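Enquirer: Going left to right, the sequence shown walks through residues 1 to 413 as UniProt numbering numbers them. Let me begin by handing over the structure; questions about it come next.
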Amino acid sequence: MAVTSHFLEGKRIIVVGGGIAGCTFVAALYKLWNPNLRLPEIIVLERDPRDVRPNNYSISLHGDSVNGGLVALRQLGLLDETLKHSIFGLRSGQFKMWDSNWKELMSTQPRPWGDLPTSSMRIQRSDLEQMLVMEAERANATFHWGVECTGAERLDNGRIRIAVEDETGVKDNHECDFLVVADGAQSKLRAALRPHDDLKYAGAVQIGGKAEFPHGIPEPIEENWGLLLSGKGVCCYFSAVDKDTVVWALSQQRPEPDTRTSVSTPDRFAVLKEEALRLGNMFSEPFRTIVESTSPSSAFVTAAMEKEPFRHDDPSLKRTVFIGDANHAVSAFAGNGANLALKDGWDLAENICHGSSLHNAVAAYDRLGFARAAEAIKSSHQKIDFAHCTSVKDSLLRAGLATGRWFMRLKGM
């Protein structure tokens with residue numbers, strides 16, 4: 001029997017946040033929408049200007065399970081375009097763990113899910129976001145750039161009013177029938193609608209930056225990314241951003257987060273570099289060279305922050321759904337934030353297009369998204385623990401890694 005109506009047909013949807021999660025939702029809704037029905041009006045409100053993508057760095061996209069971001073990109077029809085932007089290509093670029101002398105402890109390359117061409121890849125975040133923005137724009141979504149959403153309220157008629165402010169300070173309001181909140185880990189709308197649901201410190205602090213190598217990135221990180229383990233409570237993450245640049249992040253567990261907000265001035269950068277070399281003094285070259293080659297303007301100090309996922313069964317959230325980091329923020333140790341955002345966007349759109357009601361669609365999305373994010377946060381805790389392990393614990397870890405490496409080779413992985 002042909003479908004003759006839909007609960008959002010001809011309605012207005014506002015998406016707050018034009019990043020990975022928000023644009024994936026818009027593109028997926030357009031792709032999956034019944035062509036015999038009138039499309040909803042879709043408005044995207046994004047706080048950054050059109051061509052400004054701050055904090056550009058590389059991210060990992062997974063394709064080893066149904067929850068991988070590469071699966072969502074294939075569903076969107078963007079996989080081939082995404083692969084063109086792969087930093088390492090398809091036949092290289094494995095996640096590795098090394099000891100302090102760069103001896104390989106483990107290398108992982110799981111089997112791809114289904115018929116995907118690869119189980120993982122790295123891409124510049126800005127490249128991925130640009131592709132998704134262009135796809136969302138092709139979906140006839142109307143973008144308002146440089147507009148920050150500061151609050152939302154439910155009206156007597158059931159619609160939602162969103163308060164906004166542009167770059168010049170001009171304030172306005174927008175109304176919608178369905179609100180999708182995808183404005184990131186520091187979500188202004190989550191703070192307004194769920195004021196006690198904030199980010200929590202995950203117990204580790206990272207210092208780092210981007211090192212520039214005009215003549216090529218040094219081995220062994222020119223074609224791989226991963227963790228350098230010390231067995232002394234310190235580890236360092238490395239990944240190429242492009243053929244000449246590598247981002248590094250030295251971390252250790254601390255009882256409280258670091259409160260430094262800027263370390264790019266000459267004096268503060270000198271302190272940070274000295275701190276990194278002191279904490280990582282056990283690491284062999286090219287660690288020192290990488291630190292010494294860091295661009296001061298790229299230096300950072302960041303605490304691992306996270307936020308547990310939540311479902312949308314609270315009556316106050318009727319007609320409102322949070323996706324991506326706005327719902328469940330994961331720390332850098334999860335290595336999974338972009339994948340969660342991609343799958344959230346696709347799954348919400350798919351359940352809306354195929355659902356019998358908005359309530360049932362959101363409930364179906366929650367069953368998928370909540371479990372996926374909860375598992376990612378649990379995995380992040382485990383990674384923080386073993387990445388900073390010491391003494392006997394470290395010996396047990398190394399034995400486990402050696403066993404795992406042997407098993408994967410035996411299985412042909």
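Quick reminder that beta carbons are idealized off the backbone N, C-alpha and C, glycines included. It should be emphasised that the depicted structure is a prediction, and the values quoted were computed from it without experimental measurement.
(1) Who are R122's beta bridge partners in DSSP?
(2) Using 8 Å as the threshold, is the stretch 306 to 314 in touch with the stretch 255 to 265, meaning 3 or more CB pairs across them?
(3) Taking DSSP as the reference, what is the three-state secondary structure of N339?
(4) If you measure between the beta carbons of L250 and L229, is that distance less than 8 Å?
(5) Which of the three DSSP states, helix, strand or coil, is assigned to G324?
(6) Decide if R367 is buried, meaning its Cβ has at least 16 other Cβ atoms within 10 Å, or exposed.
(7) Rounded to a whole number of angstroms, what is the C-alpha to C-alpha distance between N360 and H6?
(8) Measuring straight from C-alpha to C-alpha, what distance separates A191 and R161?
(9) Which value, in whole angstroms, describes the spacing of the CA atoms of V205 and A373?
(10) Three-state secondary structure (DSSP) at G69?
(11) Taking only three categories from DSSP, how would you classify D242?
(12) Identify every residue that forms a DSSP beta bridge with A303.
(13) Reducing DSSP to helix, strand and coil, say where Q130 ends up.
(14) Does the beta-carbon distance from P110 to S100 come in below 8 Å?
(15) Quick check for students: name the residue ranges of the beta strand (DSSP E) that lie wholly in the stretch 26 to 51, counting only runs of 3 or more.
(16) Apart from the five residues on each side of it in sequence, which residues of its chain come closer than 8 Å, Cβ to Cβ, to L155?
(17) Which residue spans inside the stretch 135 to 201 form an unbroken beta strand (DSSP E) run of at least 3?
(18) To which residues of the same chain is A376 closer than 7 Å at the C-beta, ignoring the five residues directly before and after it?
(19) Using beta-carbon positions only, say whether A304 and A387 come within less than 8 Å of one another.
Expert: In brief:
(1) S60
(2) no
(3) helix
(4) no
(5) helix
(6) exposed
(7) 13 Å
(8) 16 Å
(9) 22 Å
(10) helix
(11) strand
(12) V205
(13) helix
(14) no
(15) 41 to 46
(16) R161 and E175
(17) 142 to 145, 147 to 154, 160 to 166, 171 to 176 and 178 to 181
(18) V330, A334, N336 and L340
(19) no
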